[in-house]
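Asker: Please see the structure below; I have some questions.
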Amino acid sequence: MDSKDILSQEEGQDKAVDFREILFNYLVHWKWFVASIIVAMGIAFFILARKNNVYTVTASVLMKNDKSGATPDMLMMESLGMASVKNNLENEVEIMRSKNVMLQVVMDLELYTNYVMKKGMRKIDLYKDTPIELSIDSATVRNLVFPITIHAVPKSSEDYDVKVSYNGENKSLILTANPLPVNIGDISFTMTRNFAVQLPEEDIIITVSNPRNMANYLSKAIVADALSKGSTILTLSLNTFNIAKAKDVLNRVVFYYNELSMAEKNRVALNTERFIDERIVSISKELGNVEKQAENFRKAHKLTDVKNEGEKFTTELSETEKKLFELETQLNLVDYVDQFVSNKQHVYTPIPYLGITDAGFSELINKYNQMLLVRERLLRSSSEDNPLIADINHDISDLRKGVLSGIISVRKGLNIEKKDLQAKNRQLNNMVASVPEVERELTEIMRQQSIKDKLYVFLLEKREENSLNKTLTVPVASIVDTPDVTGGPVEPNKPKTFLIAFVFGLSIPALFIFLKDMFNVKFKDRMDVERLTSVPVLGEIAKNDTGDQFVVKAKSTAPIVELFRLVRNSLQFMLNEPDKKVINVTSTVTQEGKTFFSMNLALSFALTNKKVILVGLDIRRPQLKKHFSIMTNKGITSYLSGQETDLDGLIVPSGMSEYLDLLPAGPIPPNPNELLTNSRLDQVFEILREKYDYIIVDTAPVGMVSDTFLLNRLADVNLYVTRANYSSKKYLALLNSYVADKRLTSTYLIVNAVDMQAHSYSYRKYGYGYGYGYGSKYSYSSAYGYGGNGSDENQKNKKRKKCWFWNIQ
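Going by this note's numbering, the sequence shown runs without a break in its numbering and finishes at 814.
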């Protein structure tokens, strides 16, 4: 097989995924899964036993959209589906969930004090059902830096042992039927018994914290969603352990939101009322002065009636003067607005609406006031640094500039109209020049009096309108469906918890097995080997637990003996020509069972009454002499080095079978590599081929020295021994390279020490529980890289504790 074939077959094998094999790899460890699931379910049961039921309390709230003050442009925007500046639902939701509103709810319901009773593994919330009540000053609780913790333990049917902790300081007290004042650190409060509630036998834990902490929690915990797109009905929901507490919280949230909204609406009315009152006082003084002037003029000129002379002209003059009065009124109103807007203290104060007849200017003022209201609301739940506030400030600035420009424009228009009327008035005055001067002066005074009087009445009417609007202010939000529980508990979800525990119980051992397999650098059996290399696997040898190095015996039907027979039969089939006799046995490193396999394979061939010789050519670390108890120190190295010339004299009987002879390695030479390249070695094998039917050669490990490569020229078959659960997967990569480079030819793999008792093996293979354990210590000496051999690992394996988790492979 050439190198290209090997590489292409390796790629195909790497890509192939045997899902049944993967499944079996997990099923063999079913006890792990059962134990893990039991533990996970137990943990889930413990968690559920500690958790209280969580309920969802919901309420439906109608957000009233006040359009009474909306301009046509704003109504058009709403009709087109665009957000209304007047009443943006999202803004209202944020205001409703603002910390200011939540803080008022917390202070009203005293939610900063939490009463809990320990009952079994759970803690029960005692909201409004506590046998112990705590009274603390609101100013003190607002300034709390550290929480107050009170642990009350029943002492008798009426008394409690109380332990109070605050800022590292502890106090032990006794609570009786009388109020108990407590002073700890820099705070003080009073604890009293609530005789309406029967004393429980369980401990009670009271915690007092800063109200802002609870307000922050409620701000995040309360969920507000529109019932549907475009709807003004909000659904408020809150998850809670205590249903009564959640109901009270939602009711108070709506209440304090309405309080805040009505206060904001009345703010414009209050500003308008203040402005009108100031103008009424000023106009009242001016009107009094004009009336006094008329009275004095009449007394000075002794006038009782006005002559009818010039009625024709004066009637027309009166009409002109009436129009001038209206213009003067409008100019005065414009001046009032100009003074108000020009005042820097009124930058973010709504502009009073006094009835300026210019429709465009009135609409501009209305937009300006609405934008101020939006800004005020947003500032309740955010700061000046908010980008949305910055955008609104920019819009307000633009609108303010528009108001100032409008004032100039309106005043200019009124002045033009006034000039026209004044010109007409002068013409009429010339026509009544014949009217006595006294009457003309009196008429002028009376005209001033009329102007002031009408302006005074106008302001009084506006004040009454403003007061009526302020009185008729209604709440923005009204509860449609009162807070109530929707369905059963939402938490804990027991089926989901147990399902998660079940999945978790499956995942832990599966992950453990997956990681173990992923980081495992060793293979377990033949199937693992075949996935890593295309070199044919000739057979498997079971793990030897007998402690005897010679397992192949006549008439033995032990599984390990049968496996050796299978290997022998396969070799006989391959060595079907008379000149094919030499079988080299090698491995990658020591302790893989190379010598053990060589000896028993030779015995297996000998059982067929074939002449077999086992040659020890692992000359750096000879082992055959020790296992067969050979007394002589001479061997093949003696012949190769020329120290001995009689090859037959070096061959010794095995003592195990009359058909098996041995040619031991002999003394360790100083130049083993050079001896193996000697032509005398080729002569030795020519002689052995003539005398024996099979020649088994125990060679050196190829992963440590190159001796075996030199022997490749003599071999008809190379058997490469690997050891299950010992040999690294990298060794097979080395073997692939050796075969691809043709450094080893006619190579076949032997998987040694396979644990037939392992569940994974019985699932996939034979199902019987015999095994083979190869535990001999195999190390090389410092001189040549190898050392002595031992067989104590089997004894260690026998001492290993037998329990099911050792079966994980």
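For each residue, glycine too, the CB sits at the ideal point set by N, CA and C.
Going by beta-carbon coordinates alone, are L426 and T362 separated by less than 8 angstroms?
Answerer: No.
Asker: Which runs of the beta strand (DSSP E) fall wholly inside the region 554-584 and span at least 3 residues, in chain order?
Answerer: Listed in chain order, there is nothing to give.
Asker: Between which two residues does the alpha helix (DSSP H) carrying R127 extend?
Answerer: Counting along the chain, R127 falls outside any alpha helix (DSSP H), though it belongs to the beta strand (DSSP E) covering 127-130.
Asker: Applying the criterion that 16 or more other CB atoms from any shown protein chain within 10 Å of the CB defines a buried residue, is Y773 buried or exposed?
Answerer: Note on Y773: pLDDT 36, under 50, position unreliable in the model; no value is reported.
Asker: Using 8 angstroms as the threshold, is the C-beta distance between A729 and V756 below it?
Answerer: Yes, the pair counts as a contact, with Cβ atoms nearer than the cut-off.
Asker: According to DSSP, V617 sits in a beta bridge with which residue or residues?
Answerer: DSSP output for V617 lists L665, Y699 as bridge partner(s).
Asker: Assuming the contact rule is C-beta atoms closer than 8 angstroms, K527 and D760 should be a hit. Round their C-beta distance to whole Å, please.
Answerer: About 12 angstroms separates the two Cβ atoms, so there is no contact after all.
Asker: Which residue wins for smallest C-alpha separation from F200, given the options G360, L223, K133, K168?
Answerer: Closest option to F200, Cα to Cα, is K133.
Asker: Candidates N263, Y60, I248: which alpha carbon is nearest N105's?
Answerer: Cα-wise, what sits closest to N105 is N263.
Asker: Of all the beta strand (DSSP E) runs that stay within the bounds of the region 359-384, which reach a length of 3 or more residues?
Answerer: Counting whole runs of 3 or more residues, the region 359-384 contains no beta strand (DSSP E) stretch at all.
Asker: Check each candidate in L383, F524, F517 and name the one with the smallest Cα separation from M101.
Answerer: Of the candidates L383, F524, F517, the one whose C-alpha sits nearest the C-alpha of M101 is L383.
Asker: Using the Cβ count rule (16 or more neighbours within 10 Å means buried), how would you classify K72?
Answerer: Residue placement at K72 cannot be trusted, given a pLDDT of 46 that sits under 50; what the coordinates show is reported in the next sentence. The residue is exposed, with fewer than 16 neighbouring Cβ atoms inside 10 Å.
Asker: Quick check on this structure: which residue in K585, L629, P658, T600 has the alpha carbon closest to the alpha carbon of E695?
Answerer: That would be K585, whose Cα lies nearest to the Cα of E695.
Asker: To the nearest angstrom, report how far apart F610 and G47 are at their CA atoms.
Answerer: Their backbone Cα atoms lie some 59 angstroms apart in a straight line.
Asker: When you compare each of I189, F578, K69 to N175 by their alpha carbons, which one comes out closest?
Answerer: The shortest C-alpha separation from N175 is found at I189.
Asker: Rounded to a whole number of angstroms, what is the C-alpha to C-alpha distance between F690 and D530?
Answerer: Each residue's alpha carbon lies about 34 angstroms from the other.
Asker: Which residue comes first and which comes last in the alpha helix (DSSP H) that contains E99?
Answerer: Start and end: 94-101.
Asker: Would you kindly report the start and end of the unbroken alpha helix (DSSP H) that includes R536?
Answerer: Looking at the DSSP string, the run of the alpha helix (DSSP H) that includes R536 is 531-537.
Asker: Quick check on the DSSP output: the beta strand (DSSP E) that includes G544 runs from which residue to which?
Answerer: From DSSP, the beta strand (DSSP E) with G544 extends over 542-547.
Asker: Measuring straight from C-alpha to C-alpha, what distance separates R416 and Y261?
Answerer: Cα-Cα distance, rounded: 44 angstroms.
Asker: Taking only the alpha-carbon atoms, compute the straight-line gap between K770 and P583 and give it to the nearest angstrom.
Answerer: Note that K770 has pLDDT 49, beneath the 50 cutoff, so the model's placement of it is unreliable and the number below is only indicative. Roughly 35 angstroms separates the two Cα atoms.
Asker: Report the CB separation of N605 from T713 in whole angstroms; it is logged as a contact under 8 angstroms.
Answerer: At roughly 20 angstroms, the Cβ-Cβ gap does not stay under 8 angstroms, so N605 and T713 are not in contact.
Asker: Per DSSP, M523 is paired with what?
Answerer: DSSP lists no partner for M523.
Asker: For L139 versus M196, is the C-beta distance shorter than 8 angstroms?
Answerer: Yes.
Asker: Do V62 and D489 count as a contact pair if the criterion is CB distance below 8 angstroms?
Answerer: Contact: yes.
Asker: Assuming contact is defined by CB atoms lying nearer than 8 angstroms, are L754 and Y736 in contact in what I supplied?
Answerer: Not a contact, by the Cβ cut-off of 8 angstroms.
Asker: Who pairs with K168 in a beta bridge, going by DSSP?
Answerer: Beta-bridge pairing links K168 to H156, S177.
Asker: Quick one: measure Cβ to Cβ for I141 and V213, integer angstroms, because I've assumed they're closer than 8 angstroms.
Answerer: That belief holds up - the Cβ atoms of I141 and V213 are roughly 6 angstroms apart, short of 8 angstroms.
Asker: Restricting to Cα atoms, I'd like to know which of I397, A364, V44 is closest to R380.
Answerer: Looking at the Cα atoms, I397 is the closest of the given residues.
Asker: Can you tell me where the alpha helix (DSSP H) with E26 in it begins and where it stops?
Answerer: Note, E26: alpha helix (DSSP H), 24-32.
Asker: Shortest alpha-carbon distance to F517 belongs to which of R25, Q203, W37, K558?
Answerer: Nearest C-alpha to F517: W37.
Asker: Count the CB pairs spanning the region 282-293 and the region 451-460 that are closer than 8 angstroms, and state whether there are at least three.
Answerer: Because the criterion of three Cβ pairs below 8 angstroms is met, the region 282-293 and the region 451-460 touch.
Asker: Would you be able to state if there are at least three C-beta pairs under 8 angstroms between the region 264-271 and the region 343-360?
Answerer: The region 343-360 vs the region 264-271: no contact.
Asker: Just the Cα atoms here: how many angstroms apart are L652 and T750?
Answerer: Answer to the nearest angstrom: the Cα atoms are 28 angstroms apart.
Asker: Please report the residue range of the beta strand (DSSP E) in which N188 lies.
Answerer: Counting along the chain, the beta strand (DSSP E) containing N188 begins and ends at 185-189.
Asker: In chain order, what residues of the same chain have a beta carbon less than 7 angstroms from the beta carbon of T237, not counting five sequence neighbours either side?
Answerer: Taken in chain order, the residues that qualify are L67, M68, N70, L94.
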